[in-house]
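Novice: Just so you know, we're using this note's numbering here: the sequence shown kicks off at 86 and counts up by one. Cβ coordinates follow ideal geometry from the N, Cα and C atoms, glycine included. Take this structure first; my questions come after.
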Amino acid sequence: MDADKTCAICGREAVFYSSYLKQELCKKHFERMLIKRVKSNMNTNKLRSRLFRFGNENNYGRAFLEFMFKDLESKDGEKLYSYTLEDFAISVMKFFLFHEPTDKKIKNKDGFSPLFNVSENEIMSFFRLKKKTLQNAKRSGKDESVLKFLMEIEERRPGGMISLVKAGITLGII
Ligand SMILES: [Zn+2]
């Protein structure tokens, strides 16, 4: 660990660079900011204090939904999809590259995707800090190659996937 990297909020040793916030964060603030982002997504969609059922679309997302909303799980609850930032970034990219209309909407009549701006890297790091490892998300070959392309962009320009998803929202693609 790079000793001179400190948390932008409290100055303690940083464990994660948030490309979403463009800040180094310590364990406490990384976890806090991630949970806060998801809660804020839920509040914006007026989904506070209801009962939920979780979708199986993405096992990273599913694990995080279970962590956050375990006490609110119910078979007849409102659907929360487990799609992540990657899933939506792939969708928007496929729309641009192949003119493929997307079947994923952040909010549709059946449910909501509260993790649309949360990356698998964030979820993986979140659980790694809790000493828990997750299985990789399963994707088609085509989606994998689009994601590989997106990850290369992300490496050169952290936050690129977030920008893409925001563009997708503005244009009504997702
Ligand atoms: Zn901190």
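#1: How about R147 and F139: do their beta carbons lie closer than 7 Å?
#2: Are L165 and F137 closer than 7 Å when you measure CB to CB?
#3: If you drop the 5 nearest sequence neighbours on each side, which residues of the same chain put their C-beta closer than 7 Å to that of D228?
#4: Using 8 Å for Cβ pairs, my map puts P199 next to V123. What's the rounded Cβ distance?
#5: Report whether the distance from the Cβ of I94 to the nearest heavy atom of ligand 3 is below 6 Å.
#6: Tell me whether F234 sits in a helix, a strand or coil according to DSSP, three-state version.
#7: So Y168 packs on E205, CB below 8 Å; how close in whole Å?
#8: Near Y102, which residues of its chain fall below 7 Å by C-beta distance, leaving aside the five closest residues on each side in sequence?
#9: Where F173 and K251 are concerned, what is the direct C-alpha to C-alpha distance, given to the nearest angstrom?
Specialist: Taking the coordinates as given:
#1: For the purposes of this step, residue 147 is taken as residue 62 along the sequence shown, with counting starting at 1. For the purposes of this step, residue 139 is taken as residue 54 along the sequence shown, with counting starting at 1. Cβ distance < 7 Å, so R147 and F139 count as in contact.
#2: Taking the first residue of the sequence shown as position 1, residue 165 is located at position 80. Taking the first residue of the sequence shown as position 1, residue 137 is located at position 52. Yes.
#3: On the sequence shown, residue 228 is found 143 positions in, with the first residue counted as 1. So the qualifying residues of the chain are I175.
#4: Within the sequence shown, residue 199 is the residue found at index 114, counting from 1. Within the sequence shown, residue 123 is the residue found at index 38, counting from 1. Rounded, the Cβ-Cβ distance is 5 Å, consistent with contact.
#5: As for ligand 3, it is missing from this structure, which binds only ligand 1.
#6: As a first step, residue 234 must be located in the sequence shown, where it is residue number 149. Note: F234 maps to helix in three-state DSSP.
#7: For this step, residue 168 is matched to residue 83 along the sequence shown. For this step, residue 205 is matched to residue 120 along the sequence shown. No, Y168 and E205 are not in contact; Cβ-Cβ is about 11 Å, not under 8 Å.
#8: Start at 1 with the first residue of the sequence shown, and residue 102 comes out as number 17. Cβ within range, chain order: E109.
#9: Locating residue 173 in the sequence shown gives position 88, counting from the first residue. Locating residue 251 in the sequence shown gives position 166, counting from the first residue. Approximately 10 Å, taken between the alpha carbons.
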